[in-house]
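Undergrad: Protein chains in written order, with the numbering used here: chain S, 168 to 278; chain B, 105 to 216.
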Amino acid sequence: GESVGLHLPTLSVQEGDNSIINCAYSNSASDYFIWYKQESGKGPQFIIDIRSNMDKRQGQRVTVLLNKTVKHLSLQIAATQPGDSAVYFCAENQDNNDMRFGAGTRLTVKP
Amino acid sequence: ETGVTQSPTHLIKTRGQQVTLRCSSQSGHNTVSWYQQALGQGPQFIFQYYREEENGRGNFPPRFSGLQFPNYSSELNVNALELDDSALYLCASSPTVVSPLHFGNGTRLTVT
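Structure follows, in structure tokens:
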């Protein structure tokens, strides 16, 4: 079946650098995408969302880019901080109200 | 504003037993979704409840069942527990059916 996946399972960046986390999706009918952050021992936390009628959306220090042509989603984090260390999931909305999550990317920020 | 709360936080059960997990949704949210998260994996959708009715279901067997109450709190019931049911069970509420999910911190279920 169709599913959401991630290009890299781990990402290590230097504090202050920008981070880019990528996600590939295969369901061309998906019209709503969300990025979540999950810290150890906690549930996923909403970061930013984007609908399929948009290509880009910006939040505080985060930007989500959506490329529907190649079915690719990315999360950019500016000036990455130690508190950004976590597992990041992209998720797409399926027809049955299932938010389908990818396997996640672990972001480690080095001081 | 109170967030999503789940109980218990940890639970150990024996194979074949039944378990009930509880969730209080965030104030103002009428939709509750349940997810199973195995170690090192992303959450997997179990089902969603909207105004006390099931409103979507993932690829889980019928021994996974749920309820939503008039105050929008919810229960997840799992019968005939199997070892593979060991996981973190996450509850999430949202103000509408398709909107960002607000997750609780989950119930860690261990089946021995």
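The beta-carbon is built from N, C-alpha and C at its ideal position, and this holds for glycine as well. It should be emphasised that the depicted structure is a prediction, and the values quoted were computed from it without experimental measurement.
Return helix, strand or coil for Asp216(S), following the three-state DSSP convention.
TA: Residue 216(S) sits at position 49 when you count from the first residue of the first sequence. Three-state DSSP puts Asp216(S) in a strand.
Undergrad: Enumerate in chain order the residues of its own chain whose CB-to-CB distance from Gln181(S) is below 6 angstroms, with the five nearest sequence positions on each side excluded.
TA: Residue 181(S) sits at position 14 when you count from the first residue of the first sequence. Only Lys277 meet the Cβ criterion.
Undergrad: What are the start and end residues of the beta strand (DSSP E) that includes His239(S)?
TA: Residue 239(S) sits at position 72 when you count from the first residue of the first sequence. It spans His239 to Ile244 - the beta strand (DSSP E) in which His239(S) sits, taken as one unbroken run.
Undergrad: Report the residue from Ser195(S), Ser207(S), Asp251(S) and Asn260(S) whose alpha carbon sits nearest the alpha carbon of Ile188(S).
TA: Mapped onto the first sequence, residue 188(S) falls at position 21. The residue with the shortest Cα to Cα distance from Ile188(S) is Asp251(S).
Undergrad: So Ile201(S) contacts chain B; which residues on that side make the cut at Cβ distance below 9 angstroms?
TA: The sequence position of residue 201(S) within the first sequence is 34, counting from 1. Per Cβ cutoff of 9 angstroms: Pro204 and Leu205.
Undergrad: Pair every Cβ in the stretch 143–152 of chain B with every Cβ in the stretch 161–174 of chain B, then say whether three or more of these pairs are closer than 8 angstroms.
TA: Result yes; three or more Cβ-Cβ pairs closer than 8 angstroms.
Undergrad: For Val136(B), which residues from the same chain have a beta carbon less than 6 angstroms from its beta carbon, with the 5 sequence-adjacent residues on both sides left out?
TA: The count along the second sequence starts at 1 and reaches residue 136(B) at position 32. Same-chain partners within the cutoff: Ser129, Tyr153, Gln172, Ser178 and Ser197.
Undergrad: Classify Leu213(B) as buried or exposed, calling it buried when 16 or more other Cβ atoms lie within 10 Å of its own Cβ.
TA: Along the second sequence, one-based indexing puts residue 213(B) at 109. Buried.
Undergrad: Does the Cβ-Cβ distance between Pro165(B) and Leu194(B) come in under 7 angstroms?
TA: Residue numbering aside, residue 165(B) sits at position 61 when the second sequence is read from its first letter. Residue numbering aside, residue 194(B) sits at position 90 when the second sequence is read from its first letter. Against a cut-off of 7 angstroms, the Cβ pair of Leu194(B) and Pro165(B) comes out as no contact.
Undergrad: Is Thr106(B) buried or exposed, if buried means 16 or more other CB atoms sit within 10 Å of its CB?
TA: Taking the second sequence and counting its residues from 1, one reaches residue 106(B) at position 2. Exposed, since its Cβ has fewer than 16 Cβ neighbours within 10 Å.
Undergrad: Between Ile116(B), Pro112(B), Ser131(B) and Gly210(B), which has its C-alpha nearest Thr200(B)'s C-alpha?
TA: Within the second sequence, numbered from 1, the residue matching residue 200(B) stands at position 96. Closest by alpha carbon: Ser131(B).
Undergrad: As a quick exercise: from Phe207(B), Gln145(B) and Val215(B), pick the residue whose alpha carbon is nearest that of Val108(B).
TA: On the second sequence, residue 108(B) is found 4 positions in, with the first residue counted as 1. Nearest option by C-alpha distance: Phe207(B).
Undergrad: When you compare the CB of Asn189(S) with every CB in chain B, is at least one pair closer than 7 angstroms?
TA: Here residue 189(S) is taken as the residue at index 22 of the first sequence, counted from 1. False, the Cβ-Cβ gap to chain B never drops below 7 angstroms.
Undergrad: In or out: Pro176(S) buried (at least 16 other Cβ within 10 Å) or exposed?
TA: Within the first sequence, numbered from 1, the residue matching residue 176(S) stands at position 9. Pro176(S) is exposed by the Cβ-count criterion.
Undergrad: Does Gln140(B) pass the burial test, meaning 16 or more other C-beta atoms within 10 Å, or should it be called exposed?
TA: In the second sequence, the residue the question calls residue 140(B) occupies position 36. By the 10 Å Cβ count, Gln140(B) comes out buried.
Undergrad: On a Cα-Cα basis, can you pick out the residue from Thr124(B), Glu156(B) and Leu143(B) that is closest to Leu185(B)?
TA: For the purposes of this step, residue 185(B) is identified with residue 81 of the second sequence, where counting begins at 1. Measuring from the Cα of Leu185(B), the nearest candidate turns out to be Thr124(B).
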